[in-house]
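The structure appears below as structure tokens.
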Amino acid sequence: MASAALRVLGVDPGSATTGYGVIERRGRWVECVDCGTIPGGDGPLPDRLNTVYDGLNGVIRAHRPNLVAIENAFLGKNVRTLAVMSQTRGVLVLAARRAELPVLEYTPREVKQSVVGNGNASKPQIAYMVGSLLTLAVDGLPADATDALAVAICHLNRDGGRKASSREGS
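Heads up, the sequence shown is in this note's numbering, so the first residue is 13 and it goes up one at a time.
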């Protein structure tokens, strides 16, 4: 009997651009369904947040994931950037919860460790492993999109592909 497909939407929140990656696992086979970026735009912050919210809603409607895996905000030196990132992350979590999807959170270190085997991996190393694991040509893909695919892969690796877990976040 074939196991049911599990579709994971990975999200890499950004202050200017948010990456997304949809992967699907059927049994032991994992493939990339779609990936890309959601630009925040140039207007005032409330308008940019609305654009990101609408963009993620569109991805959710188009691909109907079972859950959303999102990278936690990093701790940066720039307080303003961290504040914008936190607000962006908030609207992304809201979009997922409004669609009644579980939201699971992973730190950048967890993602790197899970995908590359090194919690200090570089972006090129992450992109290379994402391409290898998904049999996907990553040349030309935005780094935000490959990072989002890495977050989705991390969920499959860390939680064994369960639809929800004790890692379900805020």
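Don't be surprised by glycine CBs; every beta carbon is placed ideally from N, CA and C.
All figures in this text were calculated on a predicted structure; none of them were measured in a lab.
In chain order, what residues of the same chain lie with their CB nearer than 8 angstroms to the CB of Cys44, ignoring the 5 residues before and after it? So the list reads Gly33, Val34, Ile35, Leu146, Leu148 and Leu161, once near-sequence residues are dropped.
Is it true that the region 125-133 meets the region 72-91, where meeting means three or more beta-carbon pairs spaced less than 8 angstroms apart? No, they do not touch.
Exposed or buried, what is Ala164 when buried is set at 16 or more other beta-carbons lying within 10 Å of its beta-carbon? By the neighbour-count criterion, in which a residue is buried when 16 or more other Cβ atoms sit within 10 angstroms of its Cβ, Ala164 is buried.
Of all the options Ser27, Asp66 and Ile72, which has the alpha carbon lying nearest to the alpha carbon of Gln99? Answer by Cα proximity: Ser27.
Going by DSSP, name the residue or residues bridged to Gly143. Under DSSP, no beta-bridge partner is assigned to Gly143.
Would the region 48-66 and the region 117-125 be scored as touching if the rule is three or more Cβ pairs under 8 angstroms? Of all C-beta pairs linking the region 48-66 to the region 117-125, fewer than three are shorter than 8 angstroms, placing the two stretches out of contact.
Tell me whether Gly139 is buried or exposed, calling it buried when 16 or more other Cβ atoms sit within 10 Å of its Cβ. First, the amino acid is wrong: residue 139 is Ala here, not Gly. Around the beta carbon of Ala139, a 10 Å sphere encloses 16 or more other beta carbons of the protein chains shown; the residue is thus reported as buried.
Just the Cα atoms here: how many angstroms apart are Met13 and Ala95? Reliability fails at Met13, whose pLDDT of 49 lies under 50, so the model's placement of it is uncertain and the value that follows must be treated cautiously. Straight-line measurement puts the Cα of Ala95 at about 48 angstroms from the Cα of Met13.
At which residues does the beta strand (DSSP E) containing Ala81 begin and terminate? From DSSP, the beta strand (DSSP E) with Ala81 extends over Leu79 to Glu83.
Can the beta-carbon of Ile72 be found less than 8 angstroms from the beta-carbon of Ala16? With contacts defined as CB atoms closer than 8 angstroms, Ile72 and Ala16 fail to qualify as a contacting pair.
Given that a residue counts as buried once 16 or more other Cβ atoms are within 10 Å of its Cβ, and exposed if not, what is Ser177? Bear in mind that a pLDDT of 40 at Ser177, under 50, signals an unreliable position, so the number given afterwards is only what the model happens to contain. Residue burial is scored here from C-beta neighbours: Ser177 has fewer than 16 other C-beta atoms within 10 angstroms and is therefore classed as exposed.
Completely contained alpha helix (DSSP H) runs for the region 106-151, where each covers 4 or more residues: As far as the region 106-151 is concerned, its whole alpha helix (DSSP H) runs of at least 4 residues are 120-128 and 135-146.
When the Cα atoms are used, what is the spatial distance from Trp41 to Leu57? Using only the alpha carbons, I get a separation of about 40 angstroms.
Please identify the residue among Arg110, Ala133 and Val20 whose C-alpha is closest to the C-alpha of Val80. Residue nearest to Val80 within the set Arg110, Ala133 and Val20 is Val20 (criterion: CA-CA distance).
On the three-state DSSP scale, how would you describe Pro56? In the structure shown, Pro56 adopts coil according to DSSP, grouped into three states.
Quick one: Cα of His75 to Cα of Pro136, how far? Between the C-alpha atoms of His75 and Pro136 there is a straight-line separation of about 27 angstroms.
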